[in-house]
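Colleague:
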Amino acid sequence: MNFIDYNREYGPLPQFSNLSLLKLTIGLLNIDILPTLLESCPNLKSLVLSLDFDPSKEKPGMRLSSVPRCLVSSLESVEIKRFNGGTAKMEVARYFVENSVILKKLVLRVGFSSIQQGYFMLRDLLALPRRSNTCQILAC
Numbered sequence: 094m095n096f097i098d099y100n101r102e103y104g105p106l107p108q109f110s111n112l113s114l115l116k117l118t119i120g121l122l123n124i125d126i127l128p129t130l131l132e133s134c135p136n137l138k139s140l141v142l143s144l145d146f147d148p149s150k151e152k153p154g155m156r157l158s159s160v161p162r163c164l165v166s167s168l169e170s171v172e173i174k175r176f177n178g179g180t181a182k183m184e185v186a187r188y189f190v191e192n193s194v195i196l197k198k199l200v201l202r203v204g205f206s207s208i209q210q211g212y213f214m215l216r217d218l219l220a221l222p223r224r225s226n227t228c229q230i231l232a233c
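FYI, in the working numbering the residues of the sequence shown are 94 to 233.
1) Give the DSSP-derived three-state secondary structure of isoleucine 195 in the structure shown.
2) For leucine 231, I'd like the list of residues in its chain whose CB is within less than 8 Å of its CB, leaving aside the five on either flank, ordered along the chain.
3) Figure out for me which residue from Ser143, Leu196, Ala186, Gly104 has the closest Cα to the Cα of aspartate 217.
4) Helix, strand or coil for phenylalanine 176 per DSSP?
5) In its own chain, which residues sit with a C-beta less than 8 Å from the C-beta of glutamate 169, not counting the 5 before and 5 after it?
6) Round the Cβ separation of serine 193 and serine 225 to the nearest angstrom and send it over; I've been treating them as touching at under 8 Å.
7) With DSSP as the reference, please indicate the residues paired to leucine 142 in a beta bridge.
8) What residue range is occupied by the uninterrupted alpha helix (DSSP H) comprising leucine 131?
9) With a CB to CB cut of under 6 Å and the five nearest residues on each side skipped, what residues in its chain are close to valine 141?
10) Going by Cα to Cα distance, which pick from Ile124, Ile119, Phe109 is closest to glutamate 132?
11) Mind checking isoleucine 124: buried by the 16 CB within 10 Å criterion, or exposed?
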């Protein structure tokens, strides 16, 4: 599925009930539609997310809060590409760790400018309360 553009004025998204794997590239300006898109994928098992964010354009206080059905019932694996620990990217990782009930694995494809930056980011992520008792956080 190619998801080119979505405007809430178009109306609700259709249900993709047979979709079990979604590969998605999303920008900072569109990140707030992530829960809406995930709500349209009630049986999603795996999500590969490429975050196309410019850290200089991040808005302070951005927070994802709505919890789609797939986070409660089916999502087992999330891979986040281009993860460098910026504020918005940390919020996306937090969103999945704190809200995904049966998440088994969160894989972060990292690219840090320093080892120290990577250490602090991982420390902060590992300190988050996990909704799933079996969730592993992997950085590679």
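Backbone N, C-alpha and C fix where the C-beta goes; we use that ideal spot for every residue, glycine too.
Modeller: So, from the data block:
1) coil
2) Lys198, Leu199, Val200, Leu201
3) Ala186
4) strand
5) Lys138, Ser139, Ile195, Leu196, Lys197, Lys198
6) 6 Å
7) Leu117, Ile173
8) 127-132
9) Lys116, Glu172
10) Phe109
11) buried
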